[in-house]
Amino acid sequence: MVEFYVHDRRELAIERLEKALKSTHKTDINYLQISNTLFNFYYDTDSLAKFDTMKEELTTHLQQLSLNTIEELELSVKFNYNLSRYFWLQNNTESAIKQITATIKLCQDYRTTYLLADSFVLLGNLSQNFSERTTVKTYFETAHFLYKQIEDNTEKALAMEHYISDKFKN
409 MVEFYVHDRR
419 ELAIERLEKA
429 LKSTHKTDIN
439 YLQISNTLFN
449 FYYDTDSLAK
459 FDTMKEELTT
469 HLQQLSLNTI
479 EELELSVKFN
489 YNLSRYFWLQ
499 NNTESAIKQI
509 TATIKLCQDY
519 RTTYLLADSF
529 VLLGNLSQNF
539 SERTTVKTYF
549 ETAHFLYKQI
559 EDNTEKALAM
569 EHYISDKFKN
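Written out as structure tokens, the structure is:
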């Protein structure tokens, strides 16, 4: 990830992950984690054919997980969140809503806050153009609460507070 995001050596980072993927068994959690990272990298480099292939493969494998470990649960939440985000970025609002609400439900069902605040931010972002203003504000306020009270993430809590005060002035 450092090669990709910090040093901007995207092709090298992808090559290294693809090589690591070949040496890992498909049922290994590391295989799925590497695949999820490649899934993101493919999207960010507009390698959409590889992105779609990886999306289908990950969807199949992640549906088979029992989610009995924290690693499996967090990987499932992360992939579903990322998929929601990509649907949103592609203006596929219906799929984004379906995916993000399923992600939030997954977090609630398993009583995890992993990416829950981010999921509510995404839900707020994708619903801004058509939902009731008070509903959208509630999504952002929920994210603010989670950042501040649950995650103890002052930076994100303040950023969310600023966003709410700026966008939802009376």
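Residues 409 to 578 in the numbering used here are what the sequence shown spells out, letter by letter.
Where a beta carbon is used, it is the ideal one built from N, C-alpha and C, also for glycine.
Closest in alpha carbon position to residue 517, among 475, 549, 541, 537, is 475.
For residue 488, the CB contacts under 7 Å within the same chain, skipping 5 residues up- and downstream, are 507, 510, 511, 514 in chain order. DSSP, reduced to helix, strand and coil, places residue 507 within a helical segment of the structure shown.
With a cutoff of 8 Å on beta-carbon distance, residue 440 and residue 481 are scored as not near each other. Of 457, 465, 433, the smallest CA-CA separation from residue 444 is found for 465.
DSSP, reduced to helix, strand and coil, places residue 539 outside both helices and strands of the structure shown, so it counts as coil. Taking C-beta atoms under 8 Å as the contact rule, residue 522 and residue 548 fail to qualify, at a distance of about 19 Å. Residue 462 carries a helical assignment under DSSP once its states are collapsed to helix, strand and coil.
Taking every protein chain shown into account, the CB of residue 462 has 16 or more other CB atoms within 10 angstroms, so this residue is buried. In this structure, the beta-carbon distance from residue 422 to residue 456 does not fall below 8 Å. Between the beta-carbon of residue 434 and that of residue 469 there is about 7 Å, and that keeps the pair under the 8 Å contact cut. Excluding residues up to 5 positions away in sequence, 521 lie with their Cβ nearer than 7 Å to the Cβ of residue 558 in the same chain. Under a 10 Å Cβ-count criterion, residue 538 is classified as exposed, with fewer than 16 other Cβ atoms of the shown protein chains found around its own Cβ. Per DSSP, the unbroken alpha helix (DSSP H) holding residue 574 starts and ends at 562-575. Going by C-alpha positions, residue 442 is about 43 Å away from residue 577. Non-local C-beta neighbours of residue 535 in its own chain, meaning closer than 6 Å and more than five positions away in sequence, comprise 544, ordered along the chain.
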